[in-house]
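Protein chains in written order, with the working numbering: chain A, 5 to 298; chain B, 4 to 364; chain C, 66 to 604.
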Amino acid sequence: MSAVSNHGATPYYFVPGPSRHPVMAAIGLFFVILGAGQWVNGHGWGAWSLLLGMVIWLTVLYQWFGDAISESQSGQYSDRIDVSFRWSMSWFIFSEVMFFAAFFGALYWARNHSLPMLGNLDHQVLWPDFKAIWPSAMAGLTASPAGTVEPFTTMGPWPIPTINTGILLTSGITLTIAHHALIAGQRAKTIFWMWVTVLLGVVFLGFQAYEYMHAYSELNLKLTSGIYGSTFYMLTGFHGFHVFLGMLMLLIITLRLTKGHFTADRHFGFEGAAWYWHFVDVVWLGLYIVVYWM
Amino acid sequence: VESLPGGPAVNQTDLHPPVTKIAAEVQTLHYGLMIVCLAIFVAVFGVMFYSILKHRKSVGAKSANFHESVSVEIAWTIVPFIIVTAMGFAATKTVVAQKDTSNADLTIKATGYQWKWGYDYLKGEGEGINFLATLDTAQREMSNSGHPSGDNYLLKVDNPLVVPVGKKVRIITTANDVIHAWMVPAFGVKQDAIPGFVRDTWFKAEQTGDFYGQCAELCGKEHAYMPIHVKVLSAEDYSAWVQGKKKELAAKADDPSKVWTQADLVARGEKVYASNCAVCHKADGKGAGPIKALDGSTKVLDADKMVQVQVLLNGQNNGAMPAWKQLSDTEIAAVITYTKNSWSNKTGQTVQPSEVVAARK
Amino acid sequence: MSAVLDHHGDHAHDHAHDHPHGWRRWVFATNHKDIGTLYLLFSFTMLMIGGILALCIRAELFQPGLQFFNPELFNQFTTMHGLIMVFGAVMPAFVGFANWMIPLQIGASDMAFARMNNFSFWLMIPAALMLVSSFFMPGGAPAAGWTLYAPLTLQMGPSMDAGIFAMHILGASSIMGSINIIVTILNMRAPGMTLMKMPLFAWTWLITAYLLIAVMPVLAGAITMTLTDRHFGTNFFNPAGGGDPIMYQHIFWFFGHPEVYIMILPAFGIVSAIIPAFARKKLFGYTSMVYATGSIAILSFIVWAHHMYTTGMPVTGQLFFMYATMLIAVPTGVKVFNWIATMWRGSMTFETPMLFAVGFLFVFSMGGFTGLILSMAPIDQQLQDTYYVVAHFHYVLVAGSLYALFAGVYYWGPKWTGVMYSETRGRIHFWGSLVFFNVTFFPMHFLGLAGMPRRYADYPMQFTDFNQIASIGAFGFGLMQVYFFLFVVVPMMRGKGEKAPQKPWEGAEGLEWEVPSPAPFHTFENPPKLDITATKVIG
Ligand code: HEA
Ligand code: HEA
Ligand code: CUA
Ligand SMILES: [Cu+2]
């Protein structure tokens, strides 16, 4: 199953031999989607299928990345492969940008087109008493023409989102310090600053979880809070999920660093995770402005 | 089968004969565009077939070796650019005219329901009239039988929309459940009806007669069975119709505070059921596939009558069971009483219109 | 089939130890050629399933009245036919071509990420299983059309969720496949294979992959919102809570329109390889072909609302989208003209690949012209959601994408399998398909002009004759594809037929013809030295 064409020298372009990881991962995801589809429809067993699928999938990923890491460590990856990784990570991040674009687009459309339209003169035929004002622009409104949404308070930028902004920006700096340390060959320092970065990620997620709890219990701001709640939770939740992923990536990189992986001039694994982290950071800035301030 | 005037003709190969200015303009545009496209097509593929005939190896053609020419390339970028821009210009005026719904003589709201149209005359002569237009039930049965007949098959409705000739009629579309589209080809009109939103379109019919269309946006299983029939009448006939319709509506209007006997409610409810509910839940109340049976349903049998009232007023399962709030209080009361006392359901409960009024808040 | 593909022994580059056998070879594959074959077989299977659904549709529409299926089931057929054809048949087929041909054409040893490549393939299997099996779920398969418009999707049963998750997985597969293709092209070209010397097929795929990465996530976003609206109480598409059903359409078509070019650009690439080969003359206007492809891709992002003229956009919106859409005719026209100029004063022969390529050109353009007619807002007001649209997109998809795929199978099939197809059978397949295709879909223009709406299980009596003609044509067309499968594909896979030379086509150019037929398991393990045109290996 493992690497071939390995006669000590680095091949021009390493092509792995047959591998059971892809098909196993696909089987894992099969159970995931099978389970998810059933679970959302109220079939309890779906949750188990989903869990089983996740376990399979994560196990496979662990082995798969393990293979890749040992191939990398054994010097199979030429510079050209390094370039491939760079390209692929960039394009992957581009795809994530477009994923976020769909949700930002939804927010834009709902706020600037649908809502004003629902409140205009023509629409008084349907919604005679509706005032089309985005909830964050006036306290107490729900932007729900049918009045079906319970009153809620919107989430302002103070204090948690602003603290979180600070945390993410700081984490960008600590990550850069770690990177410079790695380039300078100061492994202990790298590892230290990586742990700080991971920790900042965790704190961010902690604050966000707290913010959600606060929203649910005190502001009555829920997923069901009309279009405001929908876009608020979709954007921040999807972002939070990406922070979680990025944090995991950084954690894995940190653990690898403690194992002695990466050199001062060859450490794309590190850089890829860092790019992803910065991307998550930038998306947050967008969110911070359009979701919390506007 | 014969052609249906105002509806499809047998083996019709062109747009409907236009009955409005817009439809006429559309037809002209279509002819114009067809001619231009055909001309380009013939020219371009004429060259290709000439080449196929002459430049084949079997007739001894030797291949030349040119493979670039900037001037030619620029030419065949610019010329099509000019052509399409000209096409765009030609259409612009019609686009603007089509969207101009101002200064209408008559405004009618058309609401799409799964699966019927509701019409409310909002402004102009006839204001206040409202009714539902449903496919004639015999047509639906014919469809099921697999052996339909009739020139107006699938186009016959119980209450056609009636409008005066030569007047600008503004149609406001909206919907109750999912998206539908209100289309009358002879008028050159098609407008999606979107739940929660209103859109509008207009027409000014230039001749009297009957004109037909169908719902043009996938709206669920009975999508093919919610036709549109517009009757265009002369001004006098229209006024007469308005008078008649108003009287009819006044006579039919139910007083929601009236107290009914159970037998009367069941009798009335059976009719309401047949024309609204039976498509899905079936005449025997057994439902089919994903559609719940009413016969023996816990919600129908529930001792708390409000359970079923709420289902009818608000729908259920994301609107898979649509809300029926457009029915009158009496109709809702009647149909609930009917289902509570039909088939194997023997609750003996009666729901009075006043209870529905209360439930509406 | 493995019998044929296994046969490679004499090639110097082969590593015996790197050459798996039996089922492991396919299931654990990391070889681009094997994965390409898997993709092609998968897509052909889906074409059959989608085709059978189409035949069910046509059978029901043979006469007015309901003969075979209830309207609910009919809508499920329509929806699943569209989804399966688009996501199961056409897109994977082009990925299969990309897998087989791009490394060969640019002198790369394999795809950039061989394991991820296999992952992209195997992800399609669970997704396809979920999609197809949704017919057996309570309430049946999704029946809201392949466009999955809200709020109708909110009414669907549990199968809708299966469908949504399946689409997520297909999207992930497409994105990974596209990243692989882009990276392979950008990073693995043999020295001397500059971008502007690359075969157009690689170019069109480069641009297609870019489109895919840009729009598949947007589709995922749209259907994720559908999912949360269905189950988690959000109100994205529910006006009562401030949402908007039209918002779904905007997001969907922002994906949907580039999607249709995703299905045609690689077809352009295939045709651009075939026409010069059989005209024995270099492709005319290579550079402008590249720019035209790029322009189509860029324009495709700003035309989406031509699918939404009847939703009631403001005048300015209608005009903007109308003009932008019409503009696409310009770069597409450049391509058509270039192909014809390539044929002009060539020395043409008409083997089956060329027949399909010319057929493509002719019939696809008819579809392009009807597209132009649809793009004119006032006319579309009449034609939207009628059979005219159905006619338009089958002209561009079946006679466009599918014909190009057939052309490509005949053209490169000998390279894949090492045997030639039978020319007579190829011709029968072509002429049969051409005739029956037009019999099926041409009358649909008339139906649409006369106002027959699409997604209808039943129709007024006056539409009967044209529907009958279309149905007869559809069965004929289906039979031609069965013929293709049994008499062309199966014999080639089993290695029956004349042995194919390394370069079966006199006028063909490119690195794929520099390796033996069938292409050995490993090719270009070390980058080849190329001549100045980058079409020949010189060392
Ligand atoms: C391969 C797929 C493909 C391709 C290539 C195209 C190409 C085009 N399409 Fe099509 N289209 C679809 C697939 C495709 N389409 C599908 C699937 C749908 C329906 C989706 C659904 O609702 O389910 C659809 C629907 C659709 C609509 C919406 C119809 C409606 O629902 O109301 C419109 C409207 O503008 C349109 C327009 C066009 C145009 C202008 C082109 C242009 O790109 C065509 C350009 C080509 C030419 C014009 C011919 C060659 C050019 C010349 C020879 C040059 C000279 C010409 C001139 C100067 C005019 N298409
Ligand atoms: C690339 C995509 C593609 C392809 C190839 C096709 C191919 C065909 N399509 Fe499809 N079609 C779509 C994409 C495609 N379609 C889309 C996107 C829609 C819109 C869906 C929607 O509205 O949501 C649509 C809708 C659509 C409709 C409208 C349905 C409606 O509005 O209700 C119709 C009706 O005639 C139709 C017919 C056909 C036919 C007859 C073929 C034929 O070309 C098919 C030919 C048949 C075969 C290729 C099968 C042959 C196999 C066998 C006969 C079995 C043999 C078995 C063995 C050998 C084991 N299609
Ligand atoms: Cu209503 Cu289709
Ligand atoms: Cu389009």
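Don't be surprised by glycine CBs; every beta carbon is placed ideally from N, CA and C.
Contact belief for residue i with residue j at Cβ below 8 Å, rounded distance in angstroms
i: B:VAL39; j: B:ILE86; result: 7 Å
i: C:ALA362; j: C:TYR275; result: 7 Å
i: B:VAL29; j: B:ALA107; result: With 8 Å as the limit, B:VAL29 and B:ALA107 do not qualify as a contact, their Cβ atoms being about 20 Å apart.
i: A:TRP61; j: A:ALA40; result: The pair is not a contact, with the Cβ atoms about 12 Å apart (cut-off 8 Å).
i: C:PRO518; j: B:ALA219; result: 5 Å
i: A:PRO163; j: A:TYR296; result: At roughly 11 Å, the Cβ-Cβ gap does not stay under 8 Å, so A:PRO163 and A:TYR296 are not in contact.
i: C:LEU462; j: C:ALA255; result: The Cβ separation is near 34 Å, so there is no contact.
i: A:PHE89; j: A:PHE272; result: 5 Å
i: B:LEU18; j: B:THR97; result: With a Cβ gap of about 14 Å, B:LEU18 and B:THR97 do not count as contacting.
i: C:GLY307; j: A:GLY230; result: 5 Å
i: C:LEU348; j: B:HIS70; result: 7 Å
i: B:ILE55; j: C:MET176; result: Not confirmed; about 38 Å, so no contact.
i: C:GLY497; j: C:ALA406; result: Between C:ALA406 and C:GLY497 the Cβ distance is about 30 Å, and since that is not below 8 Å, they are no contact.
i: C:GLN449; j: C:TYR548; result: Actually they are not in contact, since the Cβ atoms of C:GLN449 and C:TYR548 sit about 36 Å apart, beyond 8 Å.
i: C:MET202; j: C:SER174; result: With a Cβ gap of about 44 Å, C:MET202 and C:SER174 do not count as contacting.
CB contact below 8 Å: residue i versus chain E
i: B:VAL87; result: The chain labelled as chain E is not found among the protein chains of the depicted structure, namely A, B and C.
Residue closest to residue i, alpha-carbon to alpha-carbon, out of the options
i: B:ALA136; options: B:MET145, B:GLN117, B:ALA270 and B:SER152; result: B:GLN117
i: B:GLN210; options: B:ALA26, B:VAL47 and B:PRO11; result: B:ALA26
i: C:HIS97; options: C:SER185, C:GLY491 and C:GLY87; result: C:SER185
i: C:TYR214; options: C:VAL248, C:HIS315, C:PRO223 and C:LEU194; result: C:HIS315
i: B:GLU128; options: B:ALA291, B:GLY272, B:TRP244 and B:ILE197; result: B:TRP244
i: A:GLN77; options: A:THR14, A:GLY46 and A:PHE242; result: A:THR14
i: C:LEU169; options: C:PRO518, C:GLU590 and C:PHE427; result: C:GLU590
i: C:TYR460; options: C:ALA305, C:GLY516 and C:LEU437; result: C:LEU437
i: A:GLY21; options: A:TRP68, A:SER221, A:TYR292 and A:ALA51; result: A:TRP68
i: B:ALA238; options: B:GLN194, B:ASN320, B:THR301 and B:GLY212; result: B:GLY212
i: C:PRO508; options: B:THR16, B:GLU130 and B:GLU5; result: B:THR16
i: C:PHE109; options: C:GLY161, C:GLN447 and C:LEU392; result: C:GLY161
i: A:PHE134; options: A:ARG260, A:PHE156 and A:GLY151; result: A:GLY151
i: C:TRP477; options: C:ALA565, C:GLY424, C:MET387 and C:PHE320; result: C:ALA565
i: C:HIS371; options: C:LEU499, C:PHE386, C:ALA357 and C:GLY377; result: C:PHE386
i: C:GLY359; options: C:TRP211, C:GLY377 and C:PRO323; result: C:PRO323
i: C:MET431; options: B:MET37, B:ALA208 and B:CYS283; result: B:MET37
Quick check on the contact list: which residues have their beta carbon closer than 5 Å to a heavy atom of ligand 3? The answer, residue by residue, is B:HIS183, B:CYS218, B:CYS222, B:HIS226 and B:MET229.
Under 7 Å, CB to CB, which of the residues in the stretch 187-206 of chain B have a partner in chain C? From the stretch 187-206 of chain B, only PRO188, GLY191, LYS193, GLN194, ASP195, ILE197, PRO198, GLY199, PHE200 and ARG202 have a Cβ closer than 7 Å to chain C.
For review: beta carbons within less than 6 Å of any heavy atom in ligand 4: Going down the chain, each residue whose beta-carbon is closer than 6 Å to a heavy atom of ligand 4 shows up: C:HIS322, C:VAL325, C:HIS371 and C:HIS372.
With 9 Å as the limit, tell me which residues of the stretch 551-579 of chain C have their beta carbon closer than that to any beta carbon of chain A; keep them in chain order. Hits within the stretch: zero.
Listed in chain order, which residues of the stretch 127-144 of chain A have Cβ atoms closer than 7 Å to some Cβ of chain B? Answer in chain order: HIS127, VAL129 and LEU130.
Against chain A: residues of the stretch 285-298 of chain C by CB proximity under 9 Å: Interface annotation for the stretch 285-298 of chain C against chain A: ALA285, GLY286, ALA287, THR289, MET290, LEU292, THR293, ASP294, ARG295, HIS296, PHE297 and GLY298, criterion Cβ-Cβ distance under 9 Å.
Give me the subset of the stretch 204-218 of chain C whose CB atoms are less than 8 Å from a CB atom of chain B, sorted by chain position. Shown in chain order are the members of the stretch 204-218 of chain C whose Cβ falls below 8 Å from a Cβ of chain B: GLY204, GLY205, ALA208, ALA209, GLY210, TYR214, PRO216 and LEU217.
Could you name the residues of the stretch 229-250 of chain B whose beta carbon sits closer than 8 Å to any beta carbon of chain C, in the order they occur along the chain? Cβ contacts with chain C: none found.
Listed from N- to C-terminal order along the chain, which residues in the stretch 101-128 of chain B have their beta-carbon within a distance smaller than 8 Å of any beta-carbon of chain A? Identification of residues in the stretch 101-128 of chain B having a C-beta nearer than 8 Å to some C-beta of chain A yields LYS112 and LEU125, given in sequence order.
Which ranges would you report for the beta strand (DSSP E) in the stretch 193-236 of chain C if only whole runs of at least 3 residues count? Qualifying beta strand (DSSP E) stretches: none in this window.
If you measure beta-carbon to beta-carbon, which residues of the stretch 129-144 of chain C are closer than 7 Å to chain B? Of all residues in the stretch 129-144 of chain C, PRO129, GLY130, LEU131, GLN132, PRO136, GLU137 and ASN140 have a Cβ within less than 7 Å of some Cβ in chain B.
Just to confirm the assignment: which complete beta strand (DSSP E) runs, minimum length 3, are found wholly within the stretch 133-220 of chain B? Fully enclosed beta strand (DSSP E) runs of 3 or longer: 133-136, 164-167, 172-178, 183-187, 192-196, 202-206 and 212-216.
Threshold first: 4 residues or longer. Then list the alpha helix (DSSP H) segments lying entirely within the stretch 67-120 of chain B, N to C. Within the stretch 67-120 of chain B, the complete alpha helix (DSSP H) runs of at least 4 residues fall at 73-102.
If you scan the stretch 346-426 of chain C from start to end, which runs of the alpha helix (DSSP H) of 4 or more residues do you find wholly inside it? The qualifying runs are 351-364, 380-392 and 394-408.
In the stretch 147-161 of chain A, which residues sit with their C-beta less than 9 Å from some C-beta in chain B, listed in chain order? Shown in chain order are the members of the stretch 147-161 of chain A whose Cβ falls below 9 Å from a Cβ of chain B: PRO149 and ALA150.
Ordered list of beta strand (DSSP E) runs contained in the stretch 210-275 of chain B, each at least 3 residues: As far as the stretch 210-275 of chain B is concerned, its whole beta strand (DSSP E) runs of at least 3 residues are 212-216 and 231-236.
Residue ranges of each alpha helix (DSSP H) within the stretch 107-183 of chain C, 4 or longer: The stretch 107-183 of chain C contains these whole alpha helix (DSSP H) runs: 136-148 and 156-171.
Taking Cβ-Cβ distances below 8 Å as the criterion, which residues of the stretch 337-359 of chain C are in contact with chain B? With the criterion set as a beta carbon lying under 8 Å from some beta carbon of chain B, the members of the stretch 337-359 of chain C are ALA344, ARG345, LYS346, LYS347, LEU348, PHE349, GLY350, TYR351, THR352 and SER353, in sequence order.
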